[in-house]
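Protein chains in written order, with my numbering: chain A, 4 to 149; chain B, 345 to 523.
For every residue, glycine included, the Cβ atom is placed at its ideal position computed from N, Cα and C.
Here the structure is a predicted model, which is why all the values come from computation and not from measurement.
Encoded structure:
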């Protein structure tokens, strides 16, 4: 009888998890990627009613085995693309990812060019010969040091 | 080398001009509440229940009560039954109540409508773009549109369960009916 109870309890807990084809996502994973629409922070930084409602929706969908991608797609369909904390990696939104990187690379290139030009100018500067009096004075000072 | 220098200067100028343009665009596109007496900003939004969309302009010829709400909004729960009663009372006079579900999960909003027995049409403004055009600062908020599509009365900035807002609500309804 006890063994049967253990089996039933194990099935009760294992059942929902086993029903999912994919590994379950988590609220903790998603709440940093989803914005609260009324307070313009991510869900993990908001305690507003709207944020709590979206968290409850995410929890419900996780319980129904929805993947992170599915949940995000549903939220975008409901709230628009602004619900995502980061723009998607496709289409026009790709610019948001590549423009800053392009800016950093261009800046580094300009800096390298500037350093290269500066160092060449330093090399090209002529070394002026010392006049005879100064040269004699330096020799005297060096002799004093000896 | 001179060409490189000129190119660099041109790129820098274009970048600065672009940033300035963005700043000007942002400043000129900030949401301001529409003026009472002016045209109500038009919109086309998806119906919350049933298929299709609803266009505000299609209601021209009817006084319209625009009520912005959300299922997560506690004061909206309080005023829902009152709005339904008002709708039942005024619909025979040609008044259209239109709920605008603002920044809300659609399934929760439908549960809210069912729970509170709301029967007037409701549309979904999930992204909040229409709410932003109307200068919504929170929910619930209510506007009144007359038969010619102009905003009349006052912009009610709270639940009509409170006497101050209830007074504004009825004044707005009268203004929409009379003009």
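I believe residue 82/A touches residue 471/B by the beta-carbon criterion, under 8 Å. Please report the beta-carbon distance rounded to the nearest angstrom.
Between residue 471/B and residue 82/A the Cβ distance is about 6 Å, and since that is below 8 Å, they are a contact.
Using beta carbons (cut-off 7 Å, strictly below), is residue 53/A in contact with chain B?
Closer than 7 Å: yes.
Ignore the nearest five residues each way along the sequence and tell me which others in residue 521/B's own chain have a CB closer than 6 Å to its CB.
Closer than 6 Å at the Cβ level, and outside the excluded window around residue 521/B, lie 407.
On the DSSP letters alone, give me the boundaries of the alpha helix (DSSP H) that residue 65/A sits inside.
Looking at the DSSP string, the run of the alpha helix (DSSP H) that includes residue 65/A is 52–66.
Classify residue 386/B as helix, strand or coil using the three-state DSSP reduction.
Reduced to three states, the DSSP call for residue 386/B is coil.
Could you pull the start and end residues of the beta strand (DSSP E) that residue 36/A belongs to?
Per DSSP, residue 36/A belongs to no beta strand (DSSP E) and is neither H nor E.
On the DSSP bridge list, what partners appear for residue 441/B?
Its beta-bridge partners are 409/B.
Quick check: the segment 416–424 of chain B against the segment 356–367 of chain B, are at least 3 beta-carbon pairs closer than 8 Å?
They do not touch, by the three-pair rule.
Would you kindly report the start and end of the unbroken beta strand (DSSP E) that includes residue 500/B?
Note, residue 500/B: beta strand (DSSP E), 495–500.
In chain B, what lies closer than 9 Å to residue 2/A by C-beta?
Nothing in the structure corresponds to residue 2/A, since chain A is present only between 4 and 149.
Please say whether residue 488/B and residue 497/B have beta carbons closer to each other than 7 Å?
Yes; because the gap between Cβ atoms is below 7 Å, this pair is in contact.
With distances taken between CB atoms, is the gap from residue 22/A to residue 39/A smaller than 7 Å?
Result no, Cβ atoms of residue 22/A and residue 39/A do not sit closer than 7 Å.
Distance, Cα to Cα, residue 491/B vs residue 399/B?
In a straight line, the C-alpha of residue 491/B is about 15 Å away from that of residue 399/B.
Less than 8 Å between the CB atoms is what I'm expecting for residue 61/A and residue 33/A, so what's the real figure, rounded?
That pair is a contact at about 6 Å.
In terms of residue numbering, what span does the alpha helix (DSSP H) encompassing residue 82/A cover?
Taken as a continuous stretch (DSSP letters only), the alpha helix (DSSP H) holding residue 82/A covers 71–82.
Between residue 477/B and the rest of its own chain, which residues show a CB-CB distance below 6 Å, the 5 nearest in sequence each way excluded?
Closer than 6 Å at Cβ, skipping near neighbours: 385.
Would you call the segment 454–469 of chain B and the segment 368–384 of chain B in contact, with 3 or more CB pairs under 8 Å?
Flag = no, the segment 454–469 of chain B and the segment 368–384 of chain B do not touch.
Just confirm the distance between the C-beta atoms of residue 413/B and residue 52/A, as a whole number of angstroms; I'd bet it's less than 8 Å.
With a Cβ gap of about 12 Å, residue 413/B and residue 52/A do not count as contacting.
Flag this pair as touching only if the segment 512–520 of chain B and the segment 426–442 of chain B have three or more C-beta atom pairs under 8 Å; answer yes or no.
Verdict: yes, contact present.
Going by the CB atoms, is the gap between residue 409/B and residue 446/B shorter than 7 Å?
Result no, Cβ atoms of residue 446/B and residue 409/B do not sit closer than 7 Å.
Do residue 71/A and residue 28/A have their CB atoms nearer than 7 Å?
Cβ atoms of residue 71/A and residue 28/A: closer than 7 Å.
Counting C-beta neighbours from all protein chains within 10 Å, is the total for residue 503/B 16 or more, i.e. buried, or is it exposed?
So residue 503/B ends up on the buried side.
Mind reading off the beta-carbon distance from residue 428/B to residue 461/B? Whole number of angstroms is fine, and I expect it under 8 Å.
Confirmed, Cβ separation roughly 6 Å.
Using a cut-off of 8 Å between C-beta atoms, extract the partners of residue 113/A located in chain B.
Near residue 113/A (Cβ distances below 8 Å), the residues of chain B are 352.
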